[in-house]
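In my numbering, the protein residues as written are 43 to 298. As C-alpha cells, the structure follows; a few thoughts come after it.
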C-alpha cells in the first residue's frame, strides 16, 4: 500500500513531513500526497485546514520542490490568503509559516514578488491588529520579515514595512521616567519578533536609510538589554551587534 494513500489524514504528515517517504516512497508519492494536502486547505474543518497547511510547510522545509511549487503557487497563495483572512490563531500561524517557506522555495524573482504583493498587506494587517491573537501576530511578524527579505522589489514598501515593525518593538524601549528594569508584558513576544524581522530587513536597505536608522535607534536599543525577558535581551544584543557591523561598513564605504 502506498504511503500517499493516507493524505486524507493530514495530521500525520504535518508531524512527520516527507521523511516517511525516504525509504520506500518516491518523488511521485510525495507530490501526490502534497496535491491531496493542497486540496485539504479548502476543507470545512479548521483543524483539517491547519494540519494540511502544516503538512505542506513541513514538506517544503525539508525538500526542494521548485517545479512542483512553481506550477501551483497561485493555488497555494489563494489558500494561504483565505486561511489568513478567515482562520483563527493557529490556522493563521500555519498559513503565515507556509507563506514564508513558499517564498524561500521560489527564491527572489517575480513569482515570490507576486506572493508578497498578495499576502503582504494581509500579514501587515494582522501584525497591527490589537484584537488578533498575540501568537498569530508574532508569527506573522517573523514570516512577513522573511518574505520581504526574499521578495521585495519596492523600496517604498520596504521602508513602510520597517516603519510598521518599528512602531511595534519601540514600545518596549525604556521610557525616560524608568531607570531600572524593563518589565516584560504579554506583548513582549511580538516586540521580539518585530525587532528581529526589522533587523533582518535593515541588511537590504540602502546606505542612506541604514544611516538614518542607526541615528534613530543605536542609542535606544541598549535599553532593551535591561528587559527581564531573556529572549528580548538576546534579540536586542543580536540587533546591536548587527547595527555595529553596519555602522562599520558605512564608515569603510565613506572612507573609500
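All C-beta atoms, glycine included, are put in the ideal place defined by N, C-alpha and C.
Through-space distance from residue j to residue i, alpha-carbon basis
i           : j           : result
residue 210 : residue 280 : 18 Å
residue 275 : residue 131 : 26 Å
residue 271 : residue 231 : 9 Å
residue 251 : residue 115 : 33 Å
residue 157 : residue 269 : 36 Å
residue 63  : residue 71  : Reliability of the predicted coordinates at residue 63 is poor, the pLDDT of 45 falling under 50, and no value is obtained from them.
residue 213 : residue 203 : 16 Å
residue 160 : residue 119 : 8 Å
residue 233 : residue 224 : 13 Å
Cβ neighbour criterion (16 or more within 10 Å) applied to residue i
i           : result
residue 283 : exposed
residue 140 : buried
residue 154 : buried
residue 286 : exposed
residue 152 : exposed
Where residue i sits in the DSSP three-state scheme
i           : result
residue 269 : strand
residue 98  : helix
residue 246 : coil
residue 261 : coil
residue 90  : helix
residue 68  : coil
residue 7   : Lying before the first or after the last residue shown, residue 7 is absent from the chain, which here runs from 43 to 298.
residue 84  : coil
Supposed close pair residue i, residue j - CB separation, criterion 8 Å
i           : j           : result
residue 76  : residue 101 : 6 Å
residue 236 : residue 207 : 4 Å
residue 142 : residue 185 : 4 Å
Next on the checklist: As an exercise, report each continuous alpha helix (DSSP H) stretch of at least 4 residues that is fully enclosed by the segment 120 to 180, in chain order.
Outcome noted: Segments of the alpha helix (DSSP H) lying fully in the segment 120 to 180: 131 to 148, 152 to 170.
Checklist entry - Considering only residues of the segment 180 to 242, which uninterrupted beta strand (DSSP E) runs meet the minimum length of 3 residues and lie entirely inside it, listed in chain order? => result You should have found no qualifying run.
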